[in-house]
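Q: The numbering of the sequence shown is this note's numbering, which starts it at 392 and goes up by one.
Okay, here's the structure, questions in a sec.
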Amino acid sequence: MESGNTILNATSLVNRIRGVKETENLSDIDDYISRLKREKLTKTVVLVGVTTSSVAAGAIETKSAIENYIAERELDIDIVEVGSNGLCSFEPLMDVQIPGKSRIVFRNVKANDVPFILDGTLNNYLPPDNVVGQYRSQLHQPWMGIPFLDEIAFFKGQSRDILALSGIISPASIEEYIAFGGYSAFTMAISRLTLEDVCNTIEKSGLRGRGGGGFNTGQKWKMALAETANQKYFVCNADESDPGAFMHRLMMESNPHQIIEGIAIASYAIGASKAYLYTRNRYSITVQRLENAIQQAYNAGLLGHNILDSGFSLEIILRKGPGAYVCGEETALISSLEGKRGAPTLKPPFPTQKGLFGKPTVVNNVETIANIPLILRKGAENFALKGTEKSKGTKLFSVSGKVNITCLVEVPLGVSISTLVELAQGVPKGRKLKAIQMGGPSGGCTVPEKMNTPIDFETLKAEGLAMGSGGITVLDDTVCIIDTIKFFINFIQYESCGKCIPCREGSRRMYEILESITRRPVNDEGHNTLERFKGIILLESLAEVMRDTSLCGLGQTAPNPVLSALKSFREEFEEHIFDRKCAASVCRNLRTFYIDVDKCTGCSACAKKCPTNAIIGTPRSPYFVVEEKCIGCGVCETTCKFGAVFFK
């Protein structure tokens, strides 16, 4: 499909949108497409990455500074908002493309950096501290001495298929998406392929659900297609809720039309005339760009009644949910769509049999859907070339935590876990890798010795790990495993719908046990240590009960972080229980503070601030900490101006 026919088809659609008179002159068509791709420029373009993460880093201020720079100098320069290329720690990102020259990327561009960078770039001087690299193009003259992006380790180590246009095109422009072949897969499907053809192609590709379950997508579609009903629904789950995960949000903010096209193809394949896109209301930029993309698709005749005279009609509705972790489970999401409380239901019947409003329904997540247009355009065989025998294609991962670069990456399934840490440039200098938490709060942690484990559905399951939606949190030696697991269990406890007792009460009891071992006992009696140790033993049996009896996947997988931590870091649990110490000094209630008598000046500032009167002494003489009264709050350490307070 990536031939002259695609260009003609894309141009025809672009002309519909823009009201341009259609032409059969191929040179005019090529010129039009080239301008949309920015292969031919008549003036300089400055492109600013504007996403949720970049706005937090100051992208709006950077864009305003660019606008002021252009207005003050009365320059004829275009400003375009684009998405993210995945280098989140380098945001705000700014690209500059001068006619005839390669497009170049600048990092960490704050508002006050804009005049210096643009002054230099417009005069053929590139500030070396801000340059990331340049895009490779045979049509443009490269900048001397500047690496191409595909030569940089971050991009070289990836296989960017889903993310191919992220950070390159404007998410607000359907024309640019079409110029790069967008919607050609959808128009091909509704004009040339039967519903069964599309389902067979997806099944043949080996695409598995990217939400963590890993069920074959084509088979799931066929189950819904086989059902007889006067109405079927397709639901795209864009309610990304894992702490530390941001793959779907960045993808929707960078290339929303890819998601809309995927939904349209999936809806056609199962015979659905209505589709829902469920996301969170508080993702304001995501919502805005999805709403704009849907409206543009309607205006272009790609949604609505009798699309492109094919006889296929489709309505896509964007539903903004309040935000609940449990709505990541498909039956809970369906309940929320129906206006009910987001709570899971028993299966069977499965949603493909009886889902939204009692009708056959297919639920896929954002990443699964983003693969669909690529599979139809390039073929099932091409998709299956990457990955492993049973886990085909690529996978998105957001890598955050104790790494040098917080980033979004796309790698073939089957690469090792260490690849993800390497792409994020490892842990900070002077620190040691301690663990990697995979699969979010319902996943598990793995140790450095397991870093060569391949990332695929079967291998991770055998190792007791979960891929989840793709959120990866890297932990170094400054992190307390117990404290981290306690955070996840508290999150699960808070997000539990409360419908079933094992999850509701089990998560609460787990949190209480973890809280008890990160808190100093009331007294030093031996039975307290025994009680705390018995709590750890109880954790394992409690986990088994939750796993076997909880209603949905949330409760069934909630114990995973605890079980994996007990398996790999039992000595750290024992240290907290028996020694009452936290080696990382994170558990505040286990810290014991001391005052260095040689450094203490007797100013009494710490004693005045202490909330429990645990610091005693005489003014102008060294003060002391009464351990029995100290609660480890650390106020004395932050108050002392002489560095006399320390803790163990």
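The beta-carbon is built from N, C-alpha and C at its ideal position, and this holds for glycine as well.
Using alpha carbons as the reference points, say which of Cys888, Leu517, Thr875, Asn672 lies closest to Tyr902.
A: If we check each option's Cα against that of Tyr902, Thr875 comes out closest.
Q: What would DSSP say about Glu720, mapped onto helix, strand or coil?
A: Note: Glu720 maps to coil in three-state DSSP.
Q: Going by DSSP, name the residue or residues bridged to Val800.
A: Paired residues: Phe788.
Q: Tell me which same chain residues have a C-beta within less than 7 angstroms of the C-beta of Pro751, skipping the five on either side of it?
A: Once the five neighbours on either side are set aside, the close Cβ partners of Pro751 are Ala615, Glu618, Ala620, Lys623, Thr743, Gln744.
Q: Where does Ile553 sit, in a helix, a strand or coil, going by DSSP?
A: The answer is coil: DSSP assigns Ile553 none of H, G, I, E or B.
Q: Just verifying my parser: in three-state terms, what is the DSSP assignment at Val806?
A: DSSP places Val806 in coil when its eight states are reduced to three.
Q: Looking at the secondary structure, which residues open and close the alpha helix (DSSP H) in which Gly440 lies?
A: Note, Gly440: premise wrong, no alpha helix (DSSP H); beta strand (DSSP E) at 436-440.
Q: What does a CB cutoff of less than 7 angstroms around Tyr516 pick up in its chain, not counting 5 residues either side in sequence?
A: Nothing listed; no residue qualifies.
Q: Run through DSSP, which three-state label would Glu706 get?
A: Looking at Glu706 - three-state DSSP - the assignment turns out to be strand.
Q: Determine contact between the stretch 828-837 and the stretch 953-969, defined as no fewer than three beta-carbon pairs at a distance below 8 angstroms.
A: The answer is yes - the stretch 953-969 touches the stretch 828-837, with three or more Cβ pairs under 8 angstroms.
Q: Rounded C-beta distance between Glu975 and Gly603? I'm assuming under 8 angstroms.
A: At residue 975 the sequence reads Ala, which differs from the Glu that was named. Not really, about 29 angstroms apart at Cβ, beyond 8 angstroms.
Q: For Glu567, does the count of other Cβ atoms within 10 angstroms reach 16, so buried, or fall short, so exposed?
A: It is buried - the Cβ of Glu567 has at least 16 other Cβ atoms within 10 Å.
Q: Mind checking which residues open and close the alpha helix (DSSP H) that includes Ala448?
A: Ala448 -> alpha helix (DSSP H) spans 443-448.
Q: For Asn756, I'd like the list of residues in its chain whose CB is within less than 8 angstroms of its CB, leaving aside the five on either flank, ordered along the chain.
A: Gly600, Arg601, Gly602, Cys627, Asn628, Ala629, His639, Ser860, listed in sequence order.
Q: Does the distance from the C-beta atom of Leu724 to that of Tyr674 stay below 8 angstroms?
A: No.
Q: Compare the C-alpha of Lys1020 against each of Ser959, Gly714, Lys1032, Ile1006 and name the closest.
A: It is Ile1006 whose Cα lies nearest to the Cα of Lys1020.
Q: Please classify Val802 as buried or exposed, where buried requires at least 16 other C-beta atoms within 10 Å of its C-beta.
A: Buried: at least 16 other Cβ atoms inside 10 Å.
Q: Where do the N-terminal and C-terminal ends of the beta strand (DSSP E) with Asn762 fall, by residue?
A: Where Asn762 is concerned, there is no enclosing beta strand (DSSP E), although the alpha helix (DSSP H) it sits in stretches over 757-769.
Q: Excluding the 5 residues preceding and the 5 following Arg818 in the sequence, name in chain order all residues of the same chain whose CB lies nearer than 7 angstroms to its CB.
A: Residue 818 is actually Val in this sequence, not Arg. Counting only Cβ-Cβ distances below 7 angstroms, and skipping sequence neighbours, we find Lys793, Val794, Leu824, Val865, Asp867.
Q: Does the Cβ-Cβ distance between Leu930 and Ile904 come in under 8 angstroms?
A: Yes.
Q: In its own chain, which residues sit with a C-beta less than 6 angstroms from the C-beta of Pro490, not counting the 5 before and 5 after it?
A: Excluding positions up to five away in sequence, the list reads Leu432.
Q: Let's see if you can read the secondary structure: which residues bound the beta strand (DSSP E) around Phe1040?
A: The structure shown does not extend to residue 1040, since the chain spans only 392 to 1039, so no value can be given for it.
Q: Name the DSSP bridge partner or partners of Pro845?
A: According to DSSP, Pro845 bridges with Ser807.
Q: Can you give me the Cβ contacts of Ile654 inside the same chain, cut-off strictly under 7 angstroms, excluding the 5 residues immediately before and after it?
A: The residues are Phe625, Cys627, Ala666, Leu668, Ile707, Ile760.
Q: So Ala666 is in the beta strand (DSSP E); what residue range does that whole segment cover?
A: Looking at the DSSP string, the run of the beta strand (DSSP E) that includes Ala666 is 665-671.
Q: Considering only residues of the same chain and omitting the five flanking positions on each side of Ser727, which have a CB-CB separation below 6 angstroms?
A: So the qualifying residues of the chain are Gly712, Cys718, Gly733.
Q: Take Lys977 and list the residues in its own chain whose beta-carbon comes closer than 6 angstroms to its own, dropping the five residues that flank it on each side.
A: The sequence shown places Val at residue 977, not Lys. The answer, listed in chain order, is Cys871, Asp874.
Q: Identify every run of the alpha helix (DSSP H) within the stretch 488-517, keeping only runs that are complete inside it and at least 4 residues long; order them along the chain.
A: Listed in chain order, the complete alpha helix (DSSP H) runs (minimum 4 residues) inside the stretch 488-517 are 505-512.
Q: Cα-Cα, which of Ile892, Pro893, Asn881 is closest to Glu906?
A: If we check each option's Cα against that of Glu906, Asn881 comes out closest.
Q: Rounding to the nearest angstrom, what Cα-Cα distance links Tyr1014 and Thr869 in this structure?
A: Distance between the alpha carbons of Tyr1014 and Thr869: 29 angstroms.
Q: What are the boundary residues of the alpha helix (DSSP H) that includes Asn697?
A: Element bounds for Asn697: n/a, residue is neither H nor E.
Q: How big is the Cα-Cα spacing for Asp939 and Tyr885?
A: Cα to Cα, the separation comes out at about 21 angstroms.
Q: Where does Met392 sit, in a helix, a strand or coil, going by DSSP?
A: Here the model assigns Met392 a pLDDT of 37, short of 50, so the residue's position is not dependable and the matter cannot be decided.
Q: Between Asp486 and Arg498, how many whole angstroms is the CB-CB distance? I'm expecting something under 8 angstroms.
A: That pair is no contact at about 11 angstroms.
Q: Count the other C-beta atoms from every protein chain shown that fall within 10 angstroms of the C-beta of Asp374, then say buried if there are 16 or more, exposed otherwise.
A: Nothing about residue 374 can be read from this structure; the chain reaches only from 392 to 1039.
Q: Using the rule of at least 16 other Cβ atoms within 10 Å of the residue's Cβ for burial, across every protein chain shown, is Tyr460 buried or exposed?
A: By the neighbour-count rule (16 or more Cβ atoms within 10 Å), Tyr460 is buried.
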